[in-house]
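The opening position of the sequence shown corresponds to residue 252 in this note's numbering, with each subsequent residue numbered one higher.
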Amino acid sequence: MTRLGEQAHEAEAAGADLLHVDVMDGRFVPNITFGPLVVEALHRVTGLPLDVHLMIVEPERYLHAFANAGASAIAVHLEASAHLHRTLQQIHELGCRAGVAINPHTPAIALSEVLPFLDFIVVMTVNPGFGGQAFIPEVLPKITQLRAMIEKGERQISIEVDGGIKPETALAAVRAGADVLIAGTAVFNAKHTVKQGIDALRAAIAVQEAEH
252 MTRLGEQAHE AEAAGADLLH VDVMDGRFVP NITFGPLVVE ALHRVTGLPL
302 DVHLMIVEPE RYLHAFANAG ASAIAVHLEA SAHLHRTLQQ IHELGCRAGV
352 AINPHTPAIA LSEVLPFLDF IVVMTVNPGF GGQAFIPEVL PKITQLRAMI
402 EKGERQISIE VDGGIKPETA LAAVRAGADV LIAGTAVFNA KHTVKQGIDA
452 LRAAIAVQEA EH
């Protein structure tokens, strides 16, 4: 945490497209991270969009706080949202991109009724709560299914894949249909610089880009 601003600068300089901010409450997931004040502090030190992922119960209670703190996009968990249509509408009214995150066990079809209201989907490829977990490959067919569902509609919806992303898993996620790779320990790691981490991920998916 003491180097958060410094690492945000490093990520921006290294060509990151956004900063993904995991907010955990110790209830929906077992860990606790931070709240709107940290998002506000990040917003002051970086020009990157802040992609706020609310891994919390009753996320609708905190939408205004995170939007006011500088969030560009807010994702809530399907599993934690009692009134999902209303919550997505509120996110849009606050001027943010609206997304829904789903845990590894949640089927793609569970999102069918809210696709027209989404800007992005966060597909968890680990069970949320802790960094450094192993990628769950059984989730890959769900990403492909979501891509097919999106292409049947008229709305542009991006798919973010979050959890266990590293050079060894990045290409599989992209081939399955991911647009955005959320990487934590693969980028912010004492063994290498932030730029080296990002470059390694980009090199890993270059095969897919070359095929197109």
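Glycine included, C-beta positions come from ideal geometry on N, C-alpha and C.
If we call anything under 8 Å between Cβ atoms a contact, is residue i one with residue j?
i, j, result
"M306", "H334", "no"
"P379", "V280", "yes"
"I394", "V374", "yes"
"L339", "F368", "yes"
"Q447", "G415", "no"
"E263", "L299", "yes"
My assumption, with CB atoms under 8 Å, is that residue i sits in contact with residue j. Please give the rounded CB distance.
i, j, result
"I449", "A265", "5 Å"
"T297", "A259", "4 Å"
"L314", "I342", "6 Å"
"L452", "A429", "The Cβ separation is near 12 Å, so there is no contact."
"V308", "D276", "6 Å"
"V431", "E261", "So it is not a contact: roughly 19 Å between Cβ atoms."
Of the residues the options, which one's Cα is nearest the Cα of residue i?
i, options, result
"H271", "E309, S363, G350", "G350"
"S409", "I433, I387, G415, E389", "I433"
"T376", "P392, L362, F368, S363", "P392"
"A318", "A331, V290, H336, S332", "V290"
"G382", "V303, G256, V431, D413", "D413"
"L293", "E364, R254, R398, A331", "R254"
"E389", "E261, A455, E405, A423", "A423"
"A320", "P358, R295, T420", "R295"
"I353", "V365, E344, C347, L345", "V365"
"A454", "N440, T420, E311, E405", "T420"
"G286", "P355, A316, E257, E263", "A316"
"S332", "E311, E344, C347, L345", "E311"
"P358", "E344, D273, E330", "E330"
Can you tell me whether residue i is buried or exposed? The criterion is at least 16 other CB atoms within 10 Å of its CB, across all chains shown.
i, result
"K442", "exposed"
"A411", "The amino acid occupying residue 411 in the given sequence is Glu; Ala does not appear at that position. Classification for E411: buried."
"K417", "buried"
"D370", "buried"
"I372", "buried"
"S363", "exposed"
"E397", "Note on residue identity: the sequence assigns Leu, not Glu, to residue 397. L397 is buried by the Cβ-count criterion."
"D268", "exposed"
"A399", "exposed"
"G346", "exposed"
"G435", "buried"
Who does residue i pair with in a DSSP beta bridge?
i, result
"F371", "G350, S409"
"L301", "L270"
"I196", "Nothing in the structure corresponds to residue 196, since the chain is present only between 252 and 463."
"H328", "A352"
"M306", "M275"
"L432", "V412"
"I283", "D276"
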